[in-house]
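Visitor: Protein chains in written order, with this note's numbering: chain A, 1 to 222; chain B, 1001 to 1458. Beta carbons are placed, not taken as given, at the ideal position from N, Cα and C, and that holds for glycine.
Structure representation (structure tokens):
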């Protein structure tokens, strides 16, 4: 979350610099939106580097050479936190205003502002989570394809919101994008149709327990 | 208002001291901690209870040595174990501190956003005599700097006074002073707070009910904080009085003065904890020489076990002995089974002399948490509350400051794990908080507003 905030700070600095150049507040928003998305991906990369170091540190410190949290869990958490802070920043002021008196769209804007904001924020949070998982995995395995698709997806999602009062063109594709990214992230994290079935039928996994137990037994002899 | 402004010298007392982060050494009684001193007082307690909490491990071991176990070999082996355990449980301690800090901030922000009283300007404390109503920017800046100088010097004078009292063993005076100040916090400020909240929500309450409620709240609070009580209740009370104190500061400090004071106090904290001639450091060293706890309850301890095992170090160690055998059962509250643990402890104590110490350490590390001075709570909440009160009604600024403070706290705890000595908790968090406040308010807010007006998501 902190890193996302830093990226936001950098983006707003850029925007502030662009305002006097163009004379209008919202002139440079499209390139700035792209710049902001790129900065966020940069910060996600920084997050990856940081967490990778932490992961290695924890692994060396622990007794059995494995860190208590796997890199995928870290990826999920990092993506989720990016999503949460990004979503919260997007929507909390809107929520605060919605609690007060007023009429939506009284000046001719769309009356569906609040509900579409809510759905867009939800899509964004989910997207960030999925992107986190895919990004970390791609960085770990050094696959440029995954990275490019994450960055491209982010730019696409941001760009689609520029079409905003035309909600069919923006909400629909964004949700399709979310779904596809979700399935891809699920696959990246090691899930598959069979895993899903196994999970749903609540099967036990005894072999995992045995490993743990033997690791424990070794300790008292130290 | 006038009455408590006159009493504010005693209200000042709580805010002088507790601005530092210390490891989990816990004195046998819930102790006051002049924040800075507390950190080092922790080392004083080390010989009594070797809380390895977060990163004080080696020091604790050193402290333990002092009390007579002195085997250097065991020491180094223990140190290595300590390191591992420290970092392993470090995350848990971080969470143990995040929760109360977050709760305190939530209480303060919720109150600020809903109760009008705390954002109205109704006069100033006598510690900040210069008004900020002047038209010129230079004059206003000058006034706020002067206010800050006065406030910080009051704090320094109080701290030195406290150190002198402690040095010359005027314990009764100190206890009386602390009891008086917490009395005032628990009764007077709570009464005012309750009154304002009831006014805001237009709820009627008769005086007898009010008397009973406040009497019970205050009496239980005094007992919990200064004597014994369930740990969570004590923590809750400490959070509440920190929030009340922070609200008072938010109300009575003029705007620019508040920001300058926050900056100055984090510098003061840094210097007072780390400089060798600082009054607080002297206090801690004195306490260490005398091998006694410092003061009751001005420190928030996230320790899992506080009251029952307080008087006896042995019972304190009960849970951990289990720890060595059942490493996997991390989440188990060993504290809940005192008798069991005691028997365990006695049997581990007899066979090998080194073993019990290891288990004691692990145990104490497991159950002792980290300690954070209440002054830190207060100033974090002041920062976030001010952000909520004055940032153009913007929630983004409040959230950004909140994240910044938590990250600062995280970094401070990390440094604590690395340096293993008392550290000031204010500087990093407050610096991040201030940077984020000003940058979010001036840079990010217009950007986000423009984006939101076009419903663009980045």
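#1: What are the boundary residues of the beta strand (DSSP E) that residue 1300 of chain B is part of?
#2: Could you give the first and the last residue of the continuous alpha helix (DSSP H) run that contains residue 29 of chain A?
#3: Return helix, strand or coil for residue 1125 of chain B, following the three-state DSSP convention.
#4: Select from the region 1398 to 1427 of chain B all residues with a C-beta closer than 8 Å to any C-beta belonging to chain A, and list them in chain order.
#5: For residue 1380 of chain B and chain A, any beta-carbon pair shorter than 7 Å?
#6: Do residue 1143 of chain B and residue 1132 of chain B come within 7 Å of each other at the CB atom, strictly closer than that value?
#7: Over what stretch of residues does the alpha helix (DSSP H) that includes residue 1221 of chain B continue unbroken?
#8: Drop a sphere of 10 angstroms on the beta-carbon of residue 3 of chain A, count the other beta-carbons inside from all chains shown, and report buried for 16 or more, exposed for fewer.
#9: Assuming residue 1371 of chain B is part of the alpha helix (DSSP H), what are its boundary residues?
#10: Taking 8 Å as the cut-off, does the region 130 to 140 of chain A touch the region 178 to 192 of chain A (at least 3 CB pairs, one atom from each stretch)?
#11: Residues of chain B with CB under 7 Å from residue 158 of chain A, in chain order?
#12: Using a Cβ-Cβ cut-off of 7 Å, state whether residue 39 of chain A counts as contacting chain D.
#13: In this structure, does DSSP put residue 1423 of chain B in helix, strand or coil?
#14: Using a beta-carbon distance below 7 Å, is residue 77 of chain A in contact with chain B?
#15: Give the interface partners of residue 1396 of chain B over in chain A, defined as CB-CB distance under 8 Å, in chain order.
#16: To the nearest angstrom, how far is the alpha carbon of residue 1114 of chain B from that of residue 1198 of chain B?
#17: Step through the CB atoms of chain A and report whether any lies within less than 7 Å of the CB of residue 1443 of chain B.
#18: Please tell me whether residue 177 of chain A and residue 170 of chain A are closer than 7 Å, where the distance is taken between their beta carbons.
#19: According to the neighbour-count rule (16 or more other Cβ atoms, all chains shown, within 10 Å of its Cβ), is residue 1147 of chain B buried or exposed?
#20: Out of B:1447, B:1095 and B:1429, which has the shortest C-alpha to C-alpha gap to residue 1263 of chain B?
#21: Would you call the CB atoms of residue 1300 of chain B and residue 1374 of chain B closer than 7 Å?
#22: Sorted by chain position, which residues of the same chain lie with C-beta nearer than 7 Å to residue 87 of chain A's C-beta, five sequence neighbours on each side aside?
#23: I'd like to know whether the C-beta atoms of residue 1433 of chain B and residue 1404 of chain B end up nearer to each other than 7 Å.
#24: Cβ of residue 161 of chain A less than 7 Å from any chain B Cβ?
#25: Could one say the Cβ of residue 15 of chain A lies closer than 7 Å to chain B's Cβ atoms, at least one of them?
#26: Please classify residue 311 of chain A as buried or exposed, where buried requires at least 16 neighbouring CB atoms within 10 angstroms.
#27: Using C-beta distances below 7 Å, list every residue in its chain close to residue 1270 of chain B, excluding the 5 sequence neighbours before and after it, in chain order.
#28: Residues of chain B with a CB under 9 Å from the CB of residue 33 of chain A: which are they?
#29: Out of B:1145, B:1401 and B:1103, state which residue places its alpha-carbon closest to the alpha-carbon of residue 85 of chain A.
#30: Enumerate in chain order the residues of its own chain whose CB-to-CB distance from residue 1223 of chain B is below 8 Å, with the five nearest sequence positions on each side excluded.
#31: If the cut is a Cβ gap below 9 Å, which residues of chain B does residue 113 of chain A touch?
#32: How would you label residue 1140 of chain B, buried or exposed, when you count the other beta carbons within 10 angstroms and need 16 or more for buried?
#33: If I measure Cβ to Cβ from residue 1233 of chain B and keep anything under 7 Å in the same chain, skipping five residues before and after, which residues do I get?
#34: Applying a beta-carbon distance threshold of less than 8 Å, which residues of chain B neighbour residue 164 of chain A?
#35: Among residues of its own chain, excluding the 5 on either side of residue 91 of chain A, which ones have a beta-carbon nearer than 8 Å to its beta-carbon?
#36: I'd like to know if the region 70 to 84 of chain A and the region 40 to 48 of chain A are in contact, where contact means that at least 3 CB-CB pairs between them fall below 8 Å.
Guide: Quick answer:
#1: 1299 to 1301 is the span of the beta strand (DSSP E), which, as asked, contains residue 1300 of chain B.
#2: 29 to 61
#3: coil
#4: 1399, 1400, 1403, 1404 and 1407
#5: At a cut-off of 7 Å between C-beta atoms, residue 1380 of chain B does not count as an interface residue with respect to chain A.
#6: yes
#7: 1207 to 1226
#8: buried
#9: No alpha helix (DSSP H) contains residue 1371 of chain B, which is instead part of the beta strand (DSSP E) from 1371 to 1373.
#10: yes
#11: 1457 and 1458
#12: No chain D is present in this structure, whose protein chains are A and B.
#13: strand
#14: no
#15: 89, 92 and 93
#16: 11 Å
#17: yes
#18: no
#19: buried
#20: B:1429
#21: yes
#22: 121, 124 and 125
#23: yes
#24: yes
#25: yes
#26: Outside the modelled stretch of chain A, which goes from 1 to 222, sits residue 311 of chain A, for which no answer is possible.
#27: 1424 and 1427
#28: 1451, 1456, 1457 and 1458
#29: B:1401
#30: 1229
#31: The contacting residues are 1455.
#32: buried
#33: 1224
#34: 1454, 1455 and 1456
#35: 117, 118 and 121
#36: yes
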